[in-house]
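Chains as they are written, first to last, in my numbering: chain W, 59 to 288; chain V, 3 to 462. Where is the CB? At the ideal position from N, CA and C, for every residue including glycine. Bear in mind the structure is a predicted one, so any value in this text is a computation, not a measurement. Scroll down for the structure; my scribbles are underneath it.
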Amino acid sequence: MRGLVLKILLVEDDAVTRDYVCSGLIGAGHGVDSVEDGIDGLALALRGGHDAIILDRMLPGMDGLAILKAMRAADLSTPVLFLTAVGGLDDRVEGLEAGADDYLAKPFAFSELAARLAAIARRPSLVSEQTKLVVADLELDLIRRTANRAGQQIELLPKEFSLLEYLMRSEGRVLSRTMLLEHVWDFHFDPQTSVVETHISRLRAKIDKPFDSHLLHTVKNIGYSLRAPD
Amino acid sequence: MRLTEWFRSTYFRFAVLLAVTFVVAYAMAAWVALGVIGSDLDSRVEQAAELAAERFEDAFERGGEAELVRAVETRSASADPDDEVYWLGRRDGELIAGRPVKAPLLLMPGNVGGSEINADTGDRYRLATRDIGDTRLIVALSFEEPDAILHSVIGAFALASLASFLIAGLVGTFVGHRAQARLDRIADTLRRVALGDMKARVPLRNAHDDLGRLSLAVNDGLSQLENTVDGIRQVSTDIAHDLRTPINRLEITLERMRDVTHDAAALNGLADEANAQAKQIATTFDALLRIAQIEAGARKSRFQAVSLAEIAERLHEAYTPVAEEAGQAFEIIHRSQAGDLVLGDRDLLTQLFANLVENAIRHCPAHATIQIETGTGLNGVWINVRDNGPGIPQGERDRVLRRFYRVEKSRTTPGSGLGLALVKAISDLHGARLSLDDNKPGLTVRLDFAPFDRALIHAS
């Protein structure tokens, strides 16, 4: 999140969560508008000027899903991160169907929220049809499905390729374990074994170990990040 | 049962209604029959009166007034005056032959009462009159016989009505009483259940009639209810039990943080620890809520065609490195190429099989082999997760599907004890058959799903 300053609208009725998220975002240097009521939330959202909106599912006045639908109906395309209640099995699907860009189940860690927010806020509005991803001396050919670093061919399994592609597309950003699980494996639950860790360590053995500088970094308690050496 | 309750009971009302219906039906039948029979008998009397008058006219034709007078006298003498009355007289009312009547000149053909012709019976009479020569003839025939027949017919109907009323009432009451007694037993059973006796069941004697089927249905429902209540009771106890420990640990960790406020590094470490402990509690709750939501079945509305082979393939890709890190082999076997679709929720099914695979990985030692196998058979689509690890003793295989139940040996390995309960809940939601078997050695978990097309018909 270095260097990236976002203007964020937070619509959340629970004071503790609101303060927690607010102070976290402000601490990270972002600007925050925060409201607790659904109707105020929609009014502020429609005024525009936000880089991302954090929307709670259950709100007084007007619920999050209705706000989201109203926003999308008004052609407002500001990225929305939808907050759902614990175990809200259908909330995720409903939220995504209504036009949310991502969702997060409560209770959540701020780091997870921040990682997801960065991912959706910086999502380019036009999908650029890149055929090759490059980070430092690491190259990923999306057409031929091949990878090489410093001119050296690297053999990757299909899932390792998807994992690396996602990391490279999100260069410099932290991707949480859950984001990787959802994006790479389409797993919407919390595995009890080290699926992500194992794949990351295998990927690391292929793209980092044989080389001098490391690109794939572990961000403690949050996730992973791929970036060029400083 | 008290008398007032008895009067209010459906069956008593039914018996009374039945009896009243019988009586009304009889009364209507009697009314119609009497009308038909009555008019038939009346017309016979009318014809007989006319016939008698004609005979006397014939006598006059044959032998003039003398013959007529003789005929009337002979007939009048031999007749029972209560049944037949003959009067022959002059036009001025003077009696020539037969019996005197009150006002012969005023009598017109038709029906009259007995007093009009000096009869002392209360019967009706039919009059036929003729003017023959200088005389006037009056023939009066009694309706006594048809009236007597009608009376006995009415009596018969009345008796039959009474008998049917009594029989219908008695049989209705008897049958009703028995049915009522059975209904009362059902009501009693439900009352006992309401008071907390979850084991109460309706006694079954005759299971083939409607009340028998009702009793069976009630008993089935009660069994389900008992299971559910047991489940809820079990869960509440388990939650209290299984969450106490982690909450306790969290309390201790937070308490310890007080002692190290001066040491930032130690404080940080403890904060991480507390965070992890809180997360574990949240995870357990999350899993419980998920299970409860899945059991509530709301998710069924999102069911669509899901390929089990595709899920197996994804899991194989995801978990092969994990198994290899643990020194285990993870194999995938497809027994059929196509037609492995089931009607379901892809995310939940993925989680179901991921749980099974993770269980195998976590509970098996190094060098174990884990297999995921899909196939189609006549009865539908099946998927197997097999390992050659320690397995689950036969007696515990049912119990491991319950929330928080953990095989004694695995108490020390990490896990919430909810994995298999979730598997069971998802499997039930999909109407799949879940079976745990001995893989000799190891564990086989098999799920049988209805084929997609059949499930679709079932769902609609």
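Open item on the list: Using only CA atoms, which one of 393/V, 384/V and 214/V lies nearest to residue 372/V?
Closed with: Counted from its first residue, the second sequence places residue 372/V at position 370. Proximity to residue 372/V across 393/V, 384/V and 214/V peaks at 393/V, based on C-alpha coordinates.
Open item on the list: 8 Å is my cut-off, CB to CB: does residue 323/V come that close to chain W?
Closed with: Indexing the second sequence from 1 puts residue 323/V at position 321. At least one chain W Cβ lies under 8 Å of residue 323/V.
Open item on the list: So residue 246/W contacts chain V; which residues on that side make the cut at Cβ distance below 7 Å?
Closed with: Here residue 246/W refers to the residue found at position 188 of the first sequence. Correct list: 349.
Task: chain W within 8 Å of residue 492/V, Cβ atoms only - done: There is no way to answer for residue 492/V, as the model of chain V reaches only from 3 to 462.
TODO: Helix, strand or coil for residue 263/W, going by three-state DSSP, please let me know.
DONE: For the purposes of this step, residue 263/W is identified with residue 205 of the first sequence, where counting begins at 1. In the structure shown, residue 263/W sits in a helix (DSSP, three-state: H, G or I).
Task: Contained beta strand (DSSP E) runs [length at least 3] in the region 68-132 of chain W, N- to C-terminal order - done: The beta strand (DSSP E) runs of length 3 or more contained entirely in the region 68-132 of chain W are, from start to end of the chain, 89-93 and 110-114.
Task: Residue from 376/V, 379/V, 383/V and 387/V with nearest C-alpha to residue 366/V - done: One-based indexing of the second sequence puts residue 366/V at position 364. When C-alpha distances from residue 366/V are compared across 376/V, 379/V, 383/V and 387/V, the shortest belongs to 387/V.
Open item on the list: Would residue 253/W pass as an interface residue toward chain V - the criterion being a Cβ-Cβ separation below 8 Å?
Closed with: Taking the first sequence and counting its residues from 1, the one referred to as residue 253/W is at position 195. By this cut-off, residue 253/W is an interface position.
- [ ] Take every Cβ of the region 231-248 of chain W, pair it with every Cβ of the region 194-207 of chain W, and state whether three or more of those distances are shorter than 8 Å.
- [x] In short, these stretches do not touch, since the Cβ pair count stays below three.
Task: Separation of residue 284/V from residue 356/V, as counted between CA atoms - done: Residue mapping note: residue 356/V aligns to position 354 of the second sequence, counting from 1. Residue mapping note: residue 284/V aligns to position 282 of the second sequence, counting from 1. Answer to the nearest angstrom: the Cα atoms are 20 Å apart.
- [ ] State the start and end residues of the unbroken beta strand (DSSP E) segment that holds residue 447/V.
- [x] Position 445 of the second sequence, counted from the start, is the residue given in the question as residue 447/V. For residue 447/V, the enclosing beta strand (DSSP E) covers residues 445-451.
Task: Residues that residue 256/W contacts on chain B, provided the C-beta gap is smaller than 7 Å - done: Chain labels in this structure do not include chain B; the protein chains are W and V.
Task: Contacts that residue 151/W makes with chain V (C-beta to C-beta distance below 9 Å) - done: Here residue 151/W corresponds to residue number 93 of the first sequence, with the count starting at 1. What residue 151/W touches in chain V: 304 and 349.
Task: Cβ-Cβ distance between residue 131/V and residue 70/V below 8 Å - done: What you label residue 131/V is simply residue 129 of the second sequence in a count that begins at 1. What you label residue 70/V is simply residue 68 of the second sequence in a count that begins at 1. Contact flag unset, no.
Task: Where the alpha helix (DSSP H) containing residue 226/V begins and where it ends - done: By 1-based counting over the second sequence, the position of residue 226/V is 224. Here the alpha helix (DSSP H) through residue 226/V covers 212-261.
Task: is_contact[residue 364/V, chain W] using C-beta, thresh 8 Å - done: Here residue 364/V is taken as the residue at index 362 of the second sequence, counted from 1. Closer than 8 Å: yes.
Open item on the list: Just checking: is the beta-carbon of residue 1/V within a distance shorter than 8 Å of some beta-carbon in chain W?
Closed with: With chain V represented from 3 up to 462, any question about residue 1/V goes unanswered, as that position is not in the structure.
Task: Euclidean distance between Cα positions of residue 155/V and residue 134/V - done: Your numbering for residue 155/V matches position 153 in the second sequence. Your numbering for residue 134/V matches position 132 in the second sequence. Distance from the CA of residue 155/V to the CA of residue 134/V, rounded to the nearest whole angstrom, comes to 40 Å.
- [ ] Jot down the residue ranges of each uninterrupted beta strand (DSSP E) in the region 189-237 of chain W, minimum 3 residues, whole runs only, in chain order.
- [x] Counting only runs of 3 or more, we get 190-193, 196-199, 204-207, 210-212 and 232-234.
- [ ] Enumerate, from N- to C-terminal direction, the unbroken alpha helix (DSSP H) stretches of 4 or more residues contained entirely within the region 328-375 of chain V.
- [x] With a minimum length of 4 residues, the unbroken runs of alpha helix (DSSP H) contained wholly in the region 328-375 of chain V fall at 348-365.
Open item on the list: If you reduce the DSSP assignment to three classes, tell me which class residue 437/V lands in.
Closed with: Residue 437/V sits at position 435 when you count from the first residue of the second sequence. Three-state result, residue 437/V: strand.
Task: Residue from 224/W, 284/W, 139/W and 272/W whose Cα sits closest to the Cα of residue 310/W - done: Given a span of 59 to 288 for chain W in the structure shown, any question on residue 310/W remains unanswerable.
TODO: Please report the residue range of the beta strand (DSSP E) in which residue 166/W lies.
DONE: Start at 1 with the first residue of the first sequence, and residue 166/W comes out as number 108. Looking at the DSSP string, residue 166/W is not in any beta strand (DSSP E), and its letter there is neither H nor E.
TODO: Out of 152/W, 233/W and 137/W, point me to the one whose CA is closest to residue 143/W's CA.
DONE: Here residue 143/W is taken as the residue at index 85 of the first sequence, counted from 1. Nearest of 152/W, 233/W and 137/W to residue 143/W, Cα basis: 152/W.
Task: Beta-carbon spacing of residue 310/V, residue 383/V below 8 Å - done: What you label residue 310/V is simply residue 308 of the second sequence in a count that begins at 1. What you label residue 383/V is simply residue 381 of the second sequence in a count that begins at 1. Cβ atoms of residue 310/V and residue 383/V: closer than 8 Å.
Task: Partners in chain W for residue 333/V, counting only beta-carbon separations shorter than 8 Å - done: For the purposes of this step, residue 333/V is taken as residue 331 along the second sequence, with counting starting at 1. Simply none; closest approach about 16 Å.
TODO: Tell me, please, whether the CB atom of residue 388/V is closer than 8 Å to any CB atom in chain W?
DONE: Looking up residue 388/V in the second sequence gives position 386. No, its Cβ sits nowhere closer than 8 Å to a Cβ of chain W.
- [ ] Taking a Cβ distance cut-off of 9 Å, strictly less, list which residues of the region 351-362 of chain V are near chain W, in chain order.
- [x] Taking 9 Å as the Cβ-Cβ cut-off against chain W, the residues of the region 351-362 of chain V that qualify are 352, 353, 356, 357, 359, 360 and 361.
Task: Close Cβ partners of residue 437/V (< 6 Å) along its chain, the five nearest in sequence each way excluded - done: To locate residue 437/V, count along the second sequence from 1; it is residue 435. Same-chain partners within the cutoff: 448.
- [ ] Examine chain W for any beta-carbon lying closer than 8 Å to the beta-carbon of residue 316/V, and answer yes or no.
- [x] On the second sequence, position 314 is the one that residue 316/V refers to. With 8 Å as the cut-off, residue 316/V counts as an interface residue toward chain W.
- [ ] Out of 263/V, 404/V and 157/V, state which residue places its alpha-carbon closest to the alpha-carbon of residue 237/V.
- [x] The residue labelled residue 237/V in the question sits at position 235 within the second sequence. With distances taken between CA atoms, residue 237/V lies nearest to 404/V out of 263/V, 404/V and 157/V.
Open item on the list: Mapping the DSSP letters down to three states, classify residue 404/V as helix, strand or coil.
Closed with: The residue you call residue 404/V lines up with position 402 of the second sequence. For residue 404/V, the secondary structure class from DSSP, reduced to helix, strand or coil, is coil.
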